[in-house]
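2 protein chains.
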Amino acid sequence: MQYNFFSMQLENIFDDTYFMKKALQEAEFAFEKGEVPVGAVIVIDNRVIARGHNLTETLNDVTAHAEMQAITAAANFLGGKYLKRCTLYVTLEPCQMCAGALYWSQISNIVYGARDTERGCINLQTKLHPKTVMKGGVLAEEASQLLKRFFIQKRNLN
Amino acid sequence: MQYNFFSMQLENIFDDTYFMKKALQEAEFAFEKGEVPVGAVIVIDNRVIARGHNLTETLNDVTAHAEMQAITAAANFLGGKYLKRCTLYVTLEPCQMCAGALYWSQISNIVYGARDTERGCINLQTKLHPKTVMKGGVLAEEASQLLKRFFIQKRNLN
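In structure tokens form, the structure reads like this:
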């Protein structure tokens, strides 16, 4: 009984909030570098196999979104380009480019934090892979607050 | 008179066909590596500043499309992430991911060869940047034949 209870507790640790916190940590790293603070992790079997945060300014490269780096890193870890059975946690709803990359990856699950009604894949109707399930709103307020803090700071500096 | 005539001739060399042939050369490199043969170059002021060909199999990475590599290389060459005043020549109509990346790059022109009615950005209605003009059909038959040759060869090997 004691053991079962303990194992159940452990199981509960690895929920969407747990992994989204890891993605938020990545977003904080982006913030510290003066990058639009978006972070991502990719998880398989409750294990983080890839991390990424936005580096478009640092690398002078529009393709350097958090998700793109995480997709490349996860494929590298797995030794294959498909991310079946994987879940992406990303603090902001993916854009067309990232959703397009996720389409090719055939990833199982996408969990995002804050919505991006202007440039996000939902309103722009980017096609996801039929095997992919997407949901949002996990730690949305934290992700959104971090973005707001970034843009306020940026406005004050300029 | 002699000189003017010569300079006019030179001007005419650098048309869409000239640069699409460079993109087709890149597609041939992909073919030789057993990759789906798609190639791309990025041009500014009649000068090729970036090249790329599909490397998704070689790199085990769904993001390694010809266009994505060319975008990164061109930004690297220019020392800035925006590709204003640039033209992308690509042998196949860009997918959602690549069109999404091109959106962020604010590239001036996209010229593609063959249409991709299934996975291309036109039918999937990927949003391009308002400053971007896209046209297609340049050496479309050559690009298409190369793709057909690749898939026939692949079928015969399996």
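Chains as they are written, first to last, in the UniProt record's numbering: chain U, 1 to 158; chain R, 1 to 158.
All residues carry an ideal CB built from backbone N, CA and C; glycine is no exception.
For clarity, every value in this text was computed on a predicted model and none was experimentally measured.
Where residue i sits in the DSSP three-state scheme
| i | result |
| --- | --- |
| U/Met1 | At U/Met1, the pLDDT of 48 sits below 50, so the modelled position is not reliable; the number obtained from the coordinates is stated separately. Coil. |
| U/Arg155 | helix |
| R/Ala64 | coil |
Neighbour list for residue i in chain U, Cβ cutoff strictly below 7 Å
| i | result |
| --- | --- |
| R/Lys127 | Gln96 and Leu124 |
| R/Thr56 | Lys81 |
Contact set between residue i and chain R, taken where Cβ atoms lie within less than 7 Å
| i | result |
| --- | --- |
| U/Thr63 | Met68, Ile71, Thr72 and Ala101 |
| U/Gly87 | According to the sequence provided, residue 87 of chain U is Thr. The question's Gly does not apply to it. Here the premise fails: no neighbours, minimum Cβ distance about 16 Å. |
Residues that residue i contacts on chain R, provided the C-beta gap is smaller than 9 Å
| i | result |
| --- | --- |
| U/Ala75 | Leu59, Asn60, Asp61, Val62 and Thr63 |
Interface partners of residue i on chain R, CB under 8 Å
| i | result |
| --- | --- |
| U/Ser105 | Val62 |
Integer Cβ distance of residue i from residue j, believed to fall under 8 Å
| i | j | result |
| --- | --- | --- |
| R/Met68 | U/Thr63 | 6 Å |
| R/Thr87 | R/Val48 | Incorrect: roughly 10 Å between the Cβ atoms, too far for contact. |
| U/Asn60 | R/Gly80 | 6 Å |
| U/Met97 | U/His65 | 7 Å |
| U/Tyr89 | U/Ser105 | That pair is no contact at about 14 Å. |
| U/Ala70 | U/Arg51 | 6 Å |
| R/Ile91 | R/Ala23 | At residue 91 of chain R the sequence reads Thr, which differs from the Ile that was named. Sure, about 5 Å apart at Cβ, within 8 Å. |
| U/Phe14 | U/Asn46 | 4 Å |
| U/Glu142 | U/Gly120 | About 18 Å; that fails the 8 Å criterion. |
| R/Tyr103 | R/Lys131 | Their Cβ separation, rounded to whole angstroms, is 10 Å, which puts R/Tyr103 and R/Lys131 out of contact at 8 Å. |
Next on the checklist: Does the stretch 145-156 of chain U come into contact with the stretch 130-143 of chain R, if we say contact requires no fewer than three beta-carbon pairs (one atom in each stretch) closer than 8 Å?
Outcome noted: Taking a cut-off of 8 Å on C-beta distances, the stretch 145-156 of chain U does not touch the stretch 130-143 of chain R, as fewer than three cross pairs fall below it.
Checklist entry - Which ranges would you report for the alpha helix (DSSP H) in the stretch 110-149 of chain R if only whole runs of at least 4 residues count? => result With a minimum length of 4 residues, no continuous alpha helix (DSSP H) run stays inside the stretch 110-149 of chain R.
Item to check | Contiguous alpha helix (DSSP H) assignments of at least 4 residues, all confined to the stretch 75-111 of chain R | outcome: 96-105, all fully within the stretch 75-111 of chain R.
Item to check | the stretch 53-67 of chain R / the stretch 37-54 of chain U touching (three or more Cβ pairs under 8 Å) | outcome: Because the criterion of three Cβ pairs below 8 Å is not met, the stretch 53-67 of chain R and the stretch 37-54 of chain U do not touch.
Next on the checklist: Which complete alpha helix (DSSP H) runs does the stretch 16-47 of chain R hold, if anything under 4 residues is left out?
Outcome noted: Counting whole runs of 4 or more residues, the stretch 16-47 of chain R contains the alpha helix (DSSP H) stretches 16-32.
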